[in-house]
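First residue of the sequence shown: 0, per numbering that gives the first Met the number 0; consecutive thereafter. From the three backbone atoms N, C-alpha and C, an ideal C-beta is built for every residue, glycine too. Predicted model only: the values in this text are computed from it and were never measured. Let me begin by presenting the structure, written as C-alpha coordinates, before commenting on it.
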Amino acid sequence: MKRTHYSTVPAAGATAVSSDSLAPSGSLACHIDMNALRALTVSELRSLRDVMHTTQQILCGFTCQPRFIVEGEDTANGAGTILETLCDWLAGYEQAVINVAEAATPTSALEEEWRNWLLIGFAADMADDLTDFAVMASKAVQSVNKVRFREKYNAHRGAA
(Lines of atoms letter the chains of each structure in order from A; the text may use other names.)
(Lines give C-alpha, C1' and ligand atoms only; values in the text may rest on other atoms or scores of the structure.)
Protein backbone atom coordinates (compact mmCIF):
# COMPACT_ATOMS: atom_id res chain seq x y z
CA MET A 0 0.00 0.00 0.00
CA LYS A 1 1.40 3.38 -0.99
CA ARG A 2 1.76 5.84 1.85
CA THR A 3 0.16 9.24 1.21
CA HIS A 4 2.01 12.45 1.94
CA TYR A 5 -0.15 13.29 4.96
CA SER A 6 -0.33 9.79 6.39
CA THR A 7 0.34 9.29 10.08
CA VAL A 8 1.60 5.78 9.34
CA PRO A 9 5.39 5.75 9.60
CA ALA A 10 7.34 5.10 6.44
CA ALA A 11 9.64 2.10 6.55
CA GLY A 12 12.79 3.06 8.43
CA ALA A 13 11.50 6.54 9.30
CA THR A 14 12.44 8.06 12.61
CA ALA A 15 10.00 10.52 14.09
CA VAL A 16 11.62 13.68 15.39
CA SER A 17 8.52 14.85 17.21
CA SER A 18 6.66 13.29 20.09
CA ASP A 19 3.57 15.35 19.25
CA SER A 20 0.77 12.92 18.43
CA LEU A 21 -0.68 15.37 15.89
CA ALA A 22 2.53 15.65 13.89
CA PRO A 23 2.90 13.46 10.81
CA SER A 24 5.24 10.53 11.24
CA GLY A 25 8.64 10.42 9.70
CA SER A 26 11.31 13.06 9.60
CA LEU A 27 9.97 16.55 10.19
CA ALA A 28 13.27 18.31 9.70
CA CYS A 29 13.74 20.01 6.35
CA HIS A 30 17.33 19.97 5.23
CA ILE A 31 19.16 20.67 2.01
CA ASP A 32 20.88 17.60 0.64
CA MET A 33 23.98 19.21 -0.84
CA ASN A 34 25.26 15.88 -2.22
CA ALA A 35 22.00 15.43 -4.12
CA LEU A 36 22.39 18.96 -5.52
CA ARG A 37 26.00 18.28 -6.57
CA ALA A 38 24.82 15.16 -8.42
CA LEU A 39 22.43 17.16 -10.63
CA THR A 40 23.29 18.29 -14.13
CA VAL A 41 23.52 22.00 -14.80
CA SER A 42 20.23 21.80 -16.69
CA GLU A 43 18.58 20.12 -13.69
CA LEU A 44 19.99 22.78 -11.36
CA ARG A 45 18.51 25.48 -13.57
CA SER A 46 15.10 23.79 -13.60
CA LEU A 47 15.17 23.30 -9.83
CA ARG A 48 16.13 26.93 -9.25
CA ASP A 49 13.24 28.08 -11.45
CA VAL A 50 10.75 26.08 -9.39
CA MET A 51 12.26 27.16 -6.06
CA HIS A 52 12.18 30.81 -7.09
CA THR A 53 8.62 30.70 -8.45
CA THR A 54 7.31 28.84 -5.40
CA GLN A 55 9.01 31.31 -3.08
CA GLN A 56 7.52 34.26 -4.95
CA ILE A 57 4.04 32.76 -4.72
CA LEU A 58 4.36 32.08 -0.99
CA CYS A 59 5.76 35.54 -0.33
CA GLY A 60 2.84 37.01 -2.26
CA PHE A 61 0.42 35.25 0.07
CA THR A 62 2.11 36.84 3.11
CA CYS A 63 0.95 40.25 1.85
CA GLN A 64 -2.71 39.26 1.98
CA PRO A 65 -4.75 40.72 4.87
CA ARG A 66 -5.56 37.22 6.18
CA PHE A 67 -1.88 36.75 7.03
CA ILE A 68 -1.37 40.17 8.68
CA VAL A 69 -2.32 41.30 12.18
CA GLU A 70 -5.30 43.63 11.77
CA GLY A 71 -4.28 47.28 12.19
CA GLU A 72 -0.56 46.45 12.14
CA ASP A 73 2.04 45.83 9.48
CA THR A 74 3.22 42.52 10.96
CA ALA A 75 2.53 38.92 10.11
CA ASN A 76 0.07 36.94 12.16
CA GLY A 77 0.89 33.35 13.24
CA ALA A 78 0.05 31.82 9.86
CA GLY A 79 1.91 34.63 8.08
CA THR A 80 4.98 33.97 10.21
CA ILE A 81 4.94 30.29 9.17
CA LEU A 82 4.68 31.33 5.51
CA GLU A 83 7.61 33.73 5.98
CA THR A 84 9.65 30.87 7.46
CA LEU A 85 8.84 28.72 4.41
CA CYS A 86 9.84 31.62 2.12
CA ASP A 87 13.16 31.94 3.94
CA TRP A 88 13.78 28.19 3.67
CA LEU A 89 13.05 28.21 -0.07
CA ALA A 90 15.36 31.22 -0.50
CA GLY A 91 18.09 29.29 1.29
CA TYR A 92 17.53 26.25 -0.93
CA GLU A 93 17.66 28.48 -4.02
CA GLN A 94 20.94 29.98 -2.77
CA ALA A 95 22.33 26.45 -2.29
CA VAL A 96 21.44 25.66 -5.92
CA ILE A 97 23.26 28.82 -7.04
CA ASN A 98 26.31 28.00 -4.91
CA VAL A 99 26.52 24.51 -6.42
CA ALA A 100 26.14 25.92 -9.94
CA GLU A 101 28.87 28.50 -9.32
CA ALA A 102 31.24 25.77 -8.12
CA ALA A 103 30.34 23.41 -10.99
CA THR A 104 32.77 22.75 -13.81
CA PRO A 105 30.74 22.41 -17.01
CA THR A 106 32.06 19.80 -19.46
CA SER A 107 30.63 21.31 -22.63
CA ALA A 108 29.63 24.62 -24.18
CA LEU A 109 25.98 23.70 -23.70
CA GLU A 110 26.50 23.08 -19.98
CA GLU A 111 28.44 26.35 -19.73
CA GLU A 112 25.55 28.13 -21.40
CA TRP A 113 22.97 26.53 -19.07
CA ARG A 114 25.13 27.41 -16.07
CA ASN A 115 25.39 31.02 -17.16
CA TRP A 116 21.64 31.26 -17.82
CA LEU A 117 21.08 29.98 -14.29
CA LEU A 118 23.50 32.46 -12.74
CA ILE A 119 22.28 35.37 -14.86
CA GLY A 120 18.65 34.62 -14.01
CA PHE A 121 19.47 34.66 -10.31
CA ALA A 122 21.51 37.85 -10.68
CA ALA A 123 18.68 39.52 -12.60
CA ASP A 124 16.28 38.79 -9.76
CA MET A 125 18.73 40.29 -7.26
CA ALA A 126 20.04 43.17 -9.39
CA ASP A 127 19.84 46.74 -8.18
CA ASP A 128 22.07 48.19 -10.87
CA LEU A 129 21.62 47.57 -14.60
CA THR A 130 25.26 48.41 -15.38
CA ASP A 131 26.64 45.76 -13.02
CA PHE A 132 24.15 43.25 -14.40
CA ALA A 133 25.11 44.09 -18.01
CA VAL A 134 28.78 43.53 -17.18
CA MET A 135 27.96 40.13 -15.66
CA ALA A 136 25.90 39.17 -18.71
CA SER A 137 28.75 40.22 -21.03
CA LYS A 138 31.22 38.09 -19.06
CA ALA A 139 28.83 35.14 -19.30
CA VAL A 140 28.70 35.48 -23.09
CA GLN A 141 32.50 35.62 -23.22
CA SER A 142 32.75 32.50 -21.06
CA VAL A 143 30.40 30.52 -23.29
CA ASN A 144 32.16 31.71 -26.45
CA LYS A 145 35.56 30.64 -25.07
CA VAL A 146 34.27 27.12 -24.41
CA ARG A 147 32.65 26.96 -27.86
CA PHE A 148 35.91 28.10 -29.47
CA ARG A 149 37.87 25.44 -27.56
CA GLU A 150 35.38 22.75 -28.62
CA LYS A 151 35.62 23.80 -32.29
CA TYR A 152 39.40 24.02 -32.13
CA ASN A 153 39.74 20.59 -30.53
CA ALA A 154 37.28 19.06 -33.00
CA HIS A 155 39.15 20.62 -35.95
CA ARG A 156 42.49 19.54 -34.53
CA GLY A 157 41.26 16.01 -33.98
CA ALA A 158 39.97 15.79 -37.56
CA ALA A 159 43.32 16.83 -39.02
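So, residue i versus residue j, is the Cβ gap smaller than 8 Å?
i, j, result
"residue 132", "residue 126", "yes"
"residue 51", "residue 99", "no"
"residue 68", "residue 74", "yes"
"residue 44", "residue 86", "no"
"residue 154", "residue 135", "no"
Counting only the same chain and skipping the five closest in sequence on each side, list residues whose C-beta sits under 8 Å from that of residue i.
i, result
"residue 157", "none"
"residue 144", "none"
Comparing alpha-carbon positions, which option in the options lies nearest residue i?
i, options, result
"residue 29", "47, 137, 84, 43", "84"
"residue 31", "82, 128, 47, 20", "47"
"residue 141", "124, 154, 116, 121", "116"
"residue 118", "37, 49, 33", "49"
"residue 38", "105, 77, 149", "105"
"residue 35", "92, 71, 70", "92"
"residue 124", "18, 33, 94", "94"
Below 8 Å on the Cβ atoms is my contact criterion, and I expect residue i with residue j to pass it. Report the Cβ-Cβ distance as a whole number of Å.
i, j, result
"residue 102", "residue 114", "Not quite, the Cβ-Cβ distance comes to about 10 Å (not below 8 Å), so this is no contact."
"residue 79", "residue 53", "About 20 Å separates the two Cβ atoms, so there is no contact after all."
"residue 89", "residue 55", "4 Å"
Sorted by chain position, which residues of the same chain lie with C-beta nearer than 6 Å to residue i's C-beta, five sequence neighbours on each side aside?
i, result
"residue 110", "41"
"residue 146", "108, 111"
"residue 72", "none"
"residue 120", "none"
"residue 150", "108"
Check whether the Cβ of residue i sits closer than 7 Å to any heavy atom of the ligand FMN, and report yes or no.
i, result
"residue 90", "No copy of the ligand FMN occurs in the structure displayed, which carries no ligand at all."
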